[in-house]
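Before any comments, here is the structure.
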Amino acid sequence: MSLLEVKNLKKSYARGLLGRRVEVLKGLNFKVPAGTITGFLGANGAGKTTSMRCILGLDFPDSGDIFMFGAPPNVESKRRIGFLPERPYFYEHLTGTEFLQFYANLTRVWKKPELNARIVELLRRVDLHFAKDRMLRTYSKGMLQKIGLAQALIHEPELVILDEPMSGLDPDGRLALAEIILETAKKGTAVFFTSHLLYDTERLCQRLVVMRDGLSIYEGTTDALLEQGGMKIEILFKANGLAQTKVISSQEQLQIELGELLRQGATVIEVRRTRLSLEEIFVNVALRGVKASGELK
Amino acid sequence: MRAVWVLAMNTYREVIRDRILYALVLFAVFLIGVSLALGQLSFAEQARISANFGLSAIHLSAVILAIFVGSNLVYKEIEKKTILTILVRPISRLQFILGKSLGLSMLIATMVLGLATILGLVFFGLGLPVDLKFGLVLVGLLAEALVLLGVTLVFSMITKPLLVVCFSLGVFLIGHWQNSLNHFAQKEGAGILRPISWVVNNFLPNLERVNWKDLVLYEQPLALWTKATALGYCVSWFFLCLCVATLIFKGKDVG
């Protein structure tokens, strides 16, 4: 079952003094199945954030359909989703605890002990219990990102939408956040997130939706995309006293390159055959327009 | 209604933890203090001058709070993007506007009440009565602040805070000059003043209807029915403005 389905979504904005319309989404389609971590990839300006804003009812699409939990978005579906925006903009006058109380109370009615227990549990999970009584204006960027994730999870949503949750975090922070995302997914919550950090995306996501110029150009499993990317061959050699690497893509090229290197008097140290990383495939698919076949394509 | 209350309490807390509010309160307290000194300049009218000055200080503070904080009430949420995490919750845009305006209205009421307590002590010292009439003057000030908050919210849906403040101050000034404008427009040879007066009467609130300072200053009679209709007039203006603001806000991309 799909928790989120987007059909032929179009959105344009008026730009400049003359109000010329720029089409950002040109008929976007994709689905987010239950119980998965789905990565939403695309170059800057591909339309990822616009799509999220339309899905969440922050911006109004020109046309197309959005279904959440099998129906058009409504008050009930809003109760079942959590959202963390791209940069953590929150009320700086609130303490960590007040902040979570505020968002919890906006979503549903809580019994006081139940809410207090949930807040303590979440603050511990995001490792911010020590700062629960500090105002958010004293939080670092990483702490804001974590408390932001906590507000998205406070009401135990079935679908969490995260816009660049790891941007600006140090490796420690990214690791901690990745663990929380995995833990959340293990409990049955579907996670849908955008990221430019493809190493984390590759590690976390079972599924991917890749966008280019306002359209989805790949939708399917991460493994299927990685397999389509093919293999690469790396030659590690030493020439003029310096260790160097050469990357080639075919067996025929390998013979030619090896012959050339040996003729030049280089010492070949190692020849490695590895799968292309998501980052390399992403550059090919989303930036250079190489076609990838997914479930819907 | 619960979501409106949660939003209202957050707005109330946000402004109350802001230094601007305390600067404004200190300024008003200073003006009330000055009113005592000014009163001493006159031998016969000391109490009246002090009362007038003190009530004007409260009036001004309520108006400044309604216009200056009101102009940023929704704009700041959009600009700082705090609105993104609010509107994805099960909250309608009407509830959002209601919550924000209720929070600020409660804050204006708290400030007026606090300053009125100080002024009440001054009145007591000057031998002036602190009675129903004094309370009614304060209710009138609050009603005016409510109307100005509503008008400010409408302007804030279509333009930037600086212009919003200018427009709202314009409504404040015209709202108090409306009776004078009507007076001149009825005279012979009024020319262009007549259509201007017609537009102002039909499209802008007459804030003099709730300016009841004379009740205290000149001991005018109560005329409760007139006061009640004037209050109804202000409340209607406030809700009309909220409806217009919500209608504009409903079609707005906030992302």
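Keeping their order, the protein sequence lines are chains A and B.
No gaps in the numbering here: position 168 of the first sequence is 177 in the numbering used here, and each next residue is one more.
No gaps in the numbering here: position 44 of the second sequence is 48 in the numbering used here, and each next residue is one more.
All C-beta atoms, glycine included, are put in the ideal place defined by N, C-alpha and C.
- Residue range 251-257 is occupied by the beta strand (DSSP E) that includes GLN253 of chain A, with no alpha helix (DSSP H) assigned at that position.
- The residue from A:ALA199, A:ARG30, A:PHE92, A:PRO97 with its alpha-carbon nearest to that of SER11 of chain A is A:ALA199.
- Residues of chain B whose Cβ lies closer than 9 angstroms to the Cβ of LEU186 of chain A do not exist, since the nearest Cβ in that chain is about 17 angstroms away.
- For ASN38 of chain A, no CB of chain B lies under 9 angstroms from its own CB, so it is not counted at the interface with that chain.
- Within the model, the alpha-carbon separation for LEU132 of chain A versus LEU103 of chain A is close to 15 angstroms.
- Linking SER225 of chain A to MET175 of chain A through their CA atoms gives a straight-line distance of about 22 angstroms.
- Going by DSSP, LYS121 of chain A is part of no beta strand (DSSP E) but of the alpha helix (DSSP H) stretching over 121-134.
- Look at GLY124 of chain B: its C-beta is not under 9 angstroms from any C-beta on chain A.
- Around the C-beta of CYS238 of chain B, 16 or more other C-beta atoms lie within 10 Å, and the residue is accordingly described as buried.
- In this structure, GLU167 of chain A lies near ALA43 of chain A, with their beta-carbon atoms less than 9 angstroms apart.
- With distances taken between CA atoms, PRO94 of chain B lies nearest to A:HIS164 out of A:HIS164, A:LYS141, A:GLU228, A:PRO70.
- Rounded to the nearest angstrom, the gap between the Cα atoms of PHE69 of chain A and LYS141 of chain A is 36 angstroms.
- Non-local beta-carbon contacts of THR203 of chain A in its own chain, meaning distances under 6 angstroms to residues more than five positions away in sequence, involve PHE49, LYS57, ASP172, GLU173 in chain order.
- The continuous beta strand (DSSP E) containing VAL200 of chain A extends over residues 199-203.
- Residue range 276-284 is occupied by the beta strand (DSSP E) that includes THR276 of chain A.
- In the DSSP assignment, THR47 of chain A falls within the beta strand (DSSP E) that extends over 46-51.
- By the C-beta criterion, the stretch 81-98 of chain A is judged not to be in contact with the stretch 250-258 of chain A, since fewer than 3 inter-stretch pairs fall below 8 angstroms.
- SER259 of chain A sits exposed, since fewer than 16 C-beta atoms from the chains shown fall within 10 Å of its C-beta.
- Taking C-alpha positions only, TRP202 of chain B is separated from SER160 of chain B by approximately 25 angstroms.
- Bounds of the alpha helix (DSSP H) holding ILE252 of chain B are 228-254.
- Interface criterion met: the Cβ of ASP257 of chain B is under 9 angstroms from a Cβ in chain A.
- The Cβ-Cβ distance between LYS164 of chain B and SER60 of chain B does not fall below 9 angstroms.
- Look at the stretch 16-43 of chain B: the residues with a C-beta under 7 angstroms from a C-beta of chain A are ARG17, GLU18, ARG21.
- The C-beta distance from LEU207 of chain A to GLU288 of chain A rounds to 4 angstroms, short enough to meet the 8 angstroms contact threshold.
- Inter-segment contact for the stretch 165-181 of chain B and the stretch 75-88 of chain B is present: three or more beta-carbon pairs are separated by less than 8 angstroms.
- Identification of chain A residues near VAL10 of chain B by a Cβ-Cβ cut-off of 8 angstroms yields PHE111, ASN114, LEU115, ordered along the chain.
- For ARG146 of chain A, the three-state secondary structure derived from DSSP is helix.
- For the C-beta of PRO94 of chain A, the chain B residues within less than 7 angstroms are, from N- to C-terminus, LYS85, LEU88, THR89.
- Of the candidates A:GLY25, A:ARG62, A:GLU101, A:THR230, the residue whose Cα lies closest to the Cα of ILE46 of chain A is A:THR230.
- PRO94 of chain A carries a coil assignment under DSSP once its states are collapsed to helix, strand and coil.
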